[in-house]
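Q: To convert, note that position 176 of the sequence shown is 170 in our numbering; the numbers rise steadily by one, no gaps.
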Amino acid sequence: MFVEKGIAKSFEPFIAKEANFAKDGYHKAMLDLGTFDGEVYGFPFFSFSSVGNYNMDAMNKAGIKKLPTTWDEVVDACDKLRAVGYDNPLFWGWNITGNWFFQALMWSQGEPILKKGKVNFDGPAGLNALKTMKKLFRGCRMQNLQAGDAAKPFNAAKVAMFFWSTSAVGAIERAKGDFVYKTSEYPGMGRPPKGLPAGGNSVMMVSTGDSKRVDAAGKIRKILYIRKRCCCCCKNHRIYASK
């Protein structure tokens, strides 16, 4: 949208001036996120996606040897966990920012949430997404927690499966109780997800006629990519945009 309206400014003139740009270690996949019409308009400096968090002590207690790869397997795991005393075995982050997990269910089926300029909820994919949510909520008897409190019962070993963003992994590792913690791939709807939405942060320049401001913005972009300045990304389990 920013590119189409002429608000975003291309980074190509700066890239052309950097002789060692390709050797600086930028991931092409990351650059592609901010590339439009063959030109780079945005530099992502870290990213994250959806993930399953598991209390392996609880999973082993319930006799679950293989982590679930589909939502049907998640519901089956809930039954086994409840049988060994976990009354609230799961929290699935329906209330994460921007209905991100509903989008994940749509993308899992290869369907966007917007299609031909209209909201794409009223087709088969949207219905399947809603049915999957209902299956999780009712099949696992999930409690309706506030987004800010969602990780607390998992850290306290009261919830065994917690589906959220990889951005929370660092905080979970620091706050969790005395149990074996493991992450695994986000389950799919009968098959591995065809796609999942990514979140994160990116640098973008807006149009201006002031050449000094443009040059300064280009320098700030380079500073943000220095590893030592972005070590916090690794500590908090964001995916750093550089190799």
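Using N, Cα and C, we set each Cβ at its ideal position, and we do this for glycine too.
1) How far does the alpha helix (DSSP H) with Gly120 in it reach, from first residue to last?
2) Work out the CA separation of Leu27 and Val78 for me, nearest whole Å.
3) I need the DSSP call for Ala2, collapsed to helix, strand or coil.
4) Ordered along the chain, which non-local residues of its own chain (more than five positions away) have a Cβ less than 8 Å from that of Gly203?
5) Counting pairs of Cβ atoms below 8 Å between the segment 66 to 84 and the segment 160 to 170, do you hit three or more?
6) Does the distance from the CB of Lys128 to the CB of Trp65 come in under 8 Å?
7) Three Cβ pairs or more, each shorter than 8 Å: is that satisfied between the segment 99 to 110 and the segment 167 to 175?
8) List the whole-angstrom C-beta distance separating Asn195 from Pro38, where the pair is believed to meet the contact cut-off of C-beta under 8 Å.
9) Between the Cα of Pro181 and those of Met50, Ala71, Ile90, spot the shortest distance and give me the residue it belongs to.
10) Report back the beta-carbon spacing between Phe156 and Asp51 to the nearest angstrom; my notes put them in contact at under 8 Å.
11) With 16 as the cutoff for other CB atoms within 10 Å, does Gln140 come out buried or exposed?
12) In terms of residue numbering, what span does the beta strand (DSSP E) encompassing Met198 cover?
13) Let me know the secondary structure DSSP gives Phe173 once reduced to three states.
14) I need the DSSP call for Gly142, collapsed to helix, strand or coil.
15) Look at the Cβ atom of Thr126, then the Cβ atom of Val45, and state whether they are nearer than 8 Å.
16) Applying the 10 Å Cβ sphere with the 16-neighbour rule, what's the burial state of Ser41?
17) Less than 8 Å between the CB atoms is what I'm expecting for Met199 and Ala2, so what's the real figure, rounded?
18) Are the CB atoms of Ser43 and Ala192 nearer to each other than 8 Å?
19) Looking at the strands, I want to know which residues DSSP matches up with Trp86.
20) Kindly list the residues whose CB is nearer than 7 Å to the CB of Ile58, restricted to its own chain and excluding five residues on each side of it in sequence; keep chain order.
21) What is the C-beta distance between Asn47 and Phe148, in whole angstroms, given that I count them as a contact (C-beta under 8 Å)?
22) Just to confirm the assignment: which complete alpha helix (DSSP H) runs, minimum length 4, are found wholly within the segment 34 to 121?
23) Can you tell me which of the three DSSP states Phe(-4) falls into?
24) Relative to the alpha-carbon of Ala150, which residue among Tyr175, Ala210, Asn122 has its alpha-carbon at the smallest distance?
A: Put simply:
1) 118 to 133
2) 44 Å
3) strand
4) none
5) no
6) no
7) no
8) 7 Å
9) Ala71
10) Wrong, their Cβ atoms sit about 14 Å apart, outside the cutoff.
11) exposed
12) 193 to 200
13) coil
14) helix
15) no
16) buried
17) 7 Å
18) yes
19) Phe157
20) Ala71, Lys74
21) 6 Å
22) 50 to 55, 65 to 77, 94 to 102
23) coil
24) Tyr175
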